[in-house]
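A short write-up of the structure that comes next.
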Amino acid sequence: MLHLFNTLTGKREPFEPLNPPMVGMYVCGVTVYDYCHVGHARNALVFDVLRRYLEYSGYTVRFVKNFTDVDDKIIARAREQGVPCEAITSRFIEAYYEDMDRLGIRRATEEPKATEHIEDIIRLTEVLIDKGLAYVVDGDVYFNVATYPPYGRLSKRRLEDLQAGARVEVDERKRHPMDFALWKHSKPGEPSWLSPWGPGRPGWHIECSAMSIKHLGETFDIHGGGMDLIFPHHENEIAQSCGATGKEFARFWVHNGFVQVNQEKMSKSLGNFFTIREIFAKSEWPEPVTGEVLRYFLLSTQYRGPVDFSDQALKEAKNALNGFYDLFERLKEPNDTATQGDGDINGVIERARMSFVRAMDDDLNTPMAIAALQGLRGEINKLLASGLSNQGRTQARQAFRTMGKVLGLFQLEAWQFGASFSGLPGHHAAHEREGGASGPTRLSDDEIERLVKERGEARQRKDFKKADEIRRKLSSLGIIIEDKPDGTSRWKR
RNA sequence: GGCGCCGUACCCAAGUGGUAAGGGAGCAGUCUGCAAAACUGCGAUGCGGCGGUUCGAACCCGCCCGGCGCCUCCA
1 MLHLFNTLTG
11 KREPFEPLNP
21 PMVGMYVCGV
31 TVYDYCHVGH
41 ARNALVFDVL
51 RRYLEYSGYT
61 VRFVKNFTDV
71 DDKIIARARE
81 QGVPCEAITS
91 RFIEAYYEDM
101 DRLGIRRATE
111 EPKATEHIED
121 IIRLTEVLID
131 KGLAYVVDGD
141 VYFNVATYPP
151 YGRLSKRRLE
161 DLQAGARVEV
171 DERKRHPMDF
181 ALWKHSKPGE
191 PSWLSPWGPG
201 RPGWHIECSA
211 MSIKHLGETF
221 DIHGGGMDLI
231 FPHHENEIAQ
241 SCGATGKEFA
251 RFWVHNGFVQ
261 VNQEKMSKSL
271 GNFFTIREIF
281 AKSEWPEPVT
291 GEVLRYFLLS
301 TQYRGPVDFS
311 DQALKEAKNA
321 LNGFYDLFER
331 LKEPNDTATQ
341 GDGDINGVIE
351 RARMSFVRAM
361 DDDLNTPMAI
371 AALQGLRGEI
381 NKLLASGLSN
391 QGRTQARQAF
401 RTMGKVLGLF
411 QLEAWQFGAS
421 FSGLPGHHAA
431 HEREGGASGP
441 TRLSDDEIER
451 LVKERGEARQ
461 RKDFKKADEI
471 RRKLSSLGII
481 IEDKPDGTSR
491 WKR
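Take the first sequence: its position 202, counting from 1, is numbered 202 in my numbering, and each next residue is one higher.
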C-alpha cells in the first residue's frame, strides 16, 4: 500500500482515497508570465509520477492542475511589453505545453484557468463574508485570519510568530497583518470583473480553493505543490476552504523539494536558473533522449529532498540510461537458436516488480525504484548471456516498459548514444567551450551504414588496419561500433 | 527572531535501532583480431564533529560545526 508523507501531519501515512477507486488530486500549476525552468519541471514530474503510480496501483485519478492567468506579475509583464494580458498568458501556456510535452509530462484531466472561474471565486468570497471570516475595505476583500483559529496548522506556525517576523509593510486597513486579499479592486488598465464589491480581480490564493472545490468537491484526497507554497499559499487555501465549507479540505498535502544549483535554490532572483527550453536547445542529444535524461536525473533523488542540477549530473543520468537502452537493443535482436528454459526469468521479473512496488509505495522512493530496475538489468544481462529465447526477450523488454512507464522511462524505440553534450546554456562561463571549429558532424544513417559495411568487409579480409581506421573515424564523429559474435556490427550515436 | 530542511565513498544516492542498497566514474580480470557492450572482482571498520541512551546507532537524545530554505512573489 502506498504511503505518502503528509505535510499536514508531518508523518508518513498510508494513503487511502476517500472514494476508491477514485482519487482526487489537485496540484498548483504555474503562473503563466514566463518560461518554465527546471524547478517547474521537477514539480510537474513529481506529480506526473504520483499520478502514474496511482493509476498503476489500480486507482482512477482525477487530476486537476490549474493555470494562474491573472496576477500582478502577468499585469506587469503585459505592461512592459505593451500587450494585453491574454497575449502573455496564451503565449506562456503554449510554451508550458511545449516544454512539458518534451519531458513526457502527461496532461492533467482538468487544467482550469483562474479567469474561467471568476464566478466561483466570487461565490466563495461571498460565503466567507457571510460567515464573518472576511471583510470588505474600499473594494478589496480580506480574509480575517484571527477568525480562523487553526490558521498555521499546515506550516506549523503560530500567528504570533508570524507577526514577530513580518517583514512586510503592514497595510493599515487590514485588521491583522496576516490577513490576505481574496479580492482586489482593479486600477485602471488592469483586468477586471464585476463583483458585489465593485470591479476587481481575485487574489492569488482563492482561485485554488474555488477551482479545486469545483472540480474535486469540498474534500478531496491529495493537494500538491512545491515546498515554497506551504506558506502562505496553502495555509491560506486551507483557511479559506475549511472556513467556507466547514469541512476538511485536502486530506494529504504533498510537497516537492527544490532544484538547486551549487547548493542554492534555483530561482529567478539569484539568476541561477535554466529554462527547460534552454536545456533542450543546447543539448546535442536527440530531443526524446534529452527529455528522458532529465526525467532520470530528476527521479534519481527522492522528491522531498533537494536535488542539485549540473552538467555532470545530466551526463551521469545519460550514462546510466545508456546501460538500459544498450540492453534493450540486444533484446531486440532475435535469437533463433536459444531454446532452453530462459532460466528463472519469471522469478527474476517478479522479484524486481516487488522491489519496485515496495520502493514506490514508500513515499515514492524513486531512487530505490530505479535501483530495482538496475537490478533487473543486471539479471537480464546475465540471462541474455546464457541464451534467452525470443519470447524471453519480449517478456523482459515488456517488464521494463511496464515499470518504466510509471516513471516515464524506457518507452523509446530508438536511443542514440554518444553525441557529446556541450554544457549547460549560459550562466557558467566555464561550461561554454568553444569546441574547436565544429562540433560533431552529423552523419546520416545511410553514410554510417555504408562505413560500417565497408569496415565489416575489411574485417572479413582481416584488413584490421583499414577496419580500425574506419572505426576511429566514426568514433571521432561520436559513433560507436559494437561487433556482434556473428560477424556483423551494431552502431550507436 | 520564529518555523523547517540538509550533511553517507571520487560523484549521484538509498537506508531512520540489528551491524552500510543501487548507479556513474575508476582499476583489474573474462570475452574480443583489437575494441565496445556484457559479466566477475576491487572500493566507506564507517555515515559532518563531540558526548549520551541502548546488548546494539548512520538511524534516538543533547550540544557543536558547515550548507540551505520559508516567514515577501516563487515549483
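In this text, a Cβ means the ideal position worked out from N, Cα and C, and glycines have one as well. All values derive from a computational prediction rather than experimental measurement.
Does the distance from the CB of F5 to the CB of D363 come in under 9 Å? yes
Quick one: grab the DSSP three-state call for G387. coil
As a quick exercise: from G104, W197, L229, L182, pick the residue whose alpha carbon is nearest that of E207. L182
Tell me the residue span of the alpha helix (DSSP H) that contains D468. 464–476
Neighbourhood of F309 by C-beta, 6 Å cutoff - its chain only, sequence neighbours within 5 removed: V38, V259, V261
Looking only at its own chain, which residues have a Cβ that is under 6 Å from the Cβ of D69, when we skip the five neighbours before and after it? V32, T89, K113, A114, T115
Between which two residues does the beta strand (DSSP E) holding L182 run? 180–185
Pick helix, strand or coil for P494, following the three-state DSSP scheme. Since the displayed the chain opens at 1 and closes at 493, residue 494 lies outside it and no answer follows.
Express the C-alpha separation of F297 and L443 in angstroms, rounding to a whole number. 28 Å
On a Cα-Cα basis, can you pick out the residue from I238, R79, V452, V61 that is closest to Y151? I238
DSSP three-state call for P196: helix, strand or coil? coil
Suppose you measure from the CA of F313 to the CA of G323; what does that come to, to the nearest Å? With the sequence shown as reference, residue 313 is identified as Ala, and Phe is not the correct amino acid for it. In a straight line, the C-alpha of A313 is about 16 Å away from that of G323.
What are the start and end residues of each continuous alpha helix (DSSP H) run of 4 or more residues lying completely inside the region 233–315, in chain order? 235–245, 276–282, 287–299
Bridge partners - A11, DSSP secondary structure assignment: A quick correction: the sequence has Lys, not Ala, at residue 11. K11 pairs with N6.
Supposed close pair I480, V452 - CB separation, criterion 8 Å: The Cβ separation is near 11 Å, so there is no contact.
Should the region 16–35 be regarded as contacting the region 62–79, the criterion being three or more beta carbon pairs within less than 8 Å? yes
Helix, strand or coil at D69 [DSSP, three-state]: coil
Check this for me: beta carbons of K131 and A210, under 9 Å apart or not? no
Delimiting residues of the alpha helix (DSSP H) encompassing S444: Unbroken run through S444: none, as it is neither H nor E.
Can you give me the Cβ contacts of R401 inside the same chain, cut-off strictly under 8 Å, excluding the 5 residues immediately before and after it? F410, Q411
Helix, strand or coil at W204 according to DSSP, with G and I counted as helix: helix
Would you report the Cα separation of Q391 and G375, rounded to the nearest angstrom? 21 Å
Count the C-beta pairs between the region 275–290 and the region 93–108 that are closer than 8 Å, then say yes if the count reaches three, no if not. yes
Measure the alpha-carbon distance for I93 versus F67 and round it to whole angstroms. 8 Å
Where the alpha helix (DSSP H) containing F47 begins and where it ends: 38–56
Which residue from E292, D34, W193, K156 puts its Cα closest to that of I122? W193
Coarse secondary structure for D221, derived from DSSP in three states: strand
Select from I380, A44, I75 the residue whose C-alpha is nearest the C-alpha of V30. A44
Where do the ends of the beta strand (DSSP E) carrying S481 lie? Here residue 481 is Ile; the residue named in the question, Ser, does not match the sequence. Counting along the chain, the beta strand (DSSP E) containing I481 begins and ends at 480–483.
Name the one or two DSSP bridge partners that M22 has. N19, T60
Count the other C-beta atoms from every protein chain shown that fall within 10 angstroms of the C-beta of F220, then say buried if there are 16 or more, exposed otherwise. buried
Pull up the distance between the alpha-carbon of R173 and that of L229, whole angstroms please. 25 Å
Inter-residue spacing [alpha-carbon to alpha-carbon] between N256 and R158: 23 Å
Can you tell me which of the three DSSP states G29 falls into? coil
Check the DSSP bridge columns for W491 and list the partner residues they point to. I481
Assuming contact is defined by CB atoms lying nearer than 9 Å, are L383 and A399 in contact in what I supplied? no
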